[in-house]
Amino acid sequence: REQIRNFLKGKWDKELDYKLQKMYWCHAENRIAVRFVYEYRTETGQWFRAHGNENWEFDDLGYMTRREASINDVPIKAEDRIISREDAPRAADSPTWQ
Numbered sequence: 006r007e008q009i010r011n012f013l014k015g016k017w018d019k020e021l022d023y024k025l026q027k028m029y030w031c032h033a034e035n036r037i038a039v040r041f042v043y044e045y046r047t048e049t050g051q052w053f054r055a056h057g058n059e060n061w062e063f064d065d066l067g068y069m070t071r072r073e074a075s076i077n078d079v080p081i082k083a084e085d086r087i088i089s090r091e092d093a094p095r096a097a098d099s100p101t102w103q
């Protein structure tokens with residue numbers, strides 16, 4: 006768990022103003038799949054949009070035992086942000102899911 010905390014702290018120290026949307030895709034037994042999109046900026050002010058798919062598998066206690074993800078980071082202009090805006094559409098209504 007400490008390794009996970011350290012990983013996430015390092016990630017979030019670099020990915021500033023992080024906003025995330027996830028959309029449920031499907032599940033079966035101890036597995037779930039989601040689509041996601043998130044936006045963040047770096048210390049230099051460069052914005053990114055990341056999107057992809059994620060699959061998780063859990064043990065009998067509910068702990069994640071496996072995670073597979075396909076993530077694409079795309080540099081964007083600040084004015085092209087979608088989900089980072091306060092008036093951003095959510096999930097299925099969002100152009101990020103189109």
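Quick note, my numbering runs 5 ahead of the 1-based positions in the sequence shown.
Built from N, CA and C at the ideal position, the CB exists for glycine as well.
Keep in mind that this is a model prediction, so the values were computed, not measured.
Check: Supposed contact pair lysine 14 and glutamate 47 - C-beta distance, whole angstroms, cut 8 Å; Outcome: The sequence shown places threonine at residue 47, not glutamate. With a Cβ gap of about 16 Å, threonine 47 and lysine 14 do not count as contacting.
Check: Minimum length 3: unbroken beta strand (DSSP E) runs contained in the stretch 30–77; Outcome: 36–46 and 52–63
Check: Distance, leucine 25 Cα to aspartate 85 Cα; Outcome: 16 Å
Check: Outcome for tryptophan 44 when other beta-carbon atoms lying within 10 angstroms are tallied against a minimum of 16; Outcome: Reading the sequence as shown, one finds glutamate at residue 44 and not tryptophan. So glutamate 44 counts as buried.
Check: Test item: CB-CB of glutamate 62 and threonine 70 under 8 Å; Outcome: yes
Check: Of the residues Arg10, Asp22 and Gln8, the one placed nearest arginine 54, counting alpha carbons only; Outcome: Asp22
Check: Tyrosine 10, enclosing alpha helix (DSSP H) - first and last residue; Outcome: Looking at the sequence shown, residue 10 is not tyrosine but arginine. Taken as a continuous stretch (DSSP letters only), the alpha helix (DSSP H) holding arginine 10 covers 7–19.
Check: Reference arginine 36, options Gly67, Ile81 and Ile76, closest by Cα; Outcome: Gly67
Check: CA nearest to the CA of glutamate 34, picked from Phe12, Gly57, Val42 and Asp64; Outcome: Asp64
Check: Beta-carbon separation (whole angstroms), glycine 57 vs serine 75, contact threshold 8 Å; Outcome: 5 Å
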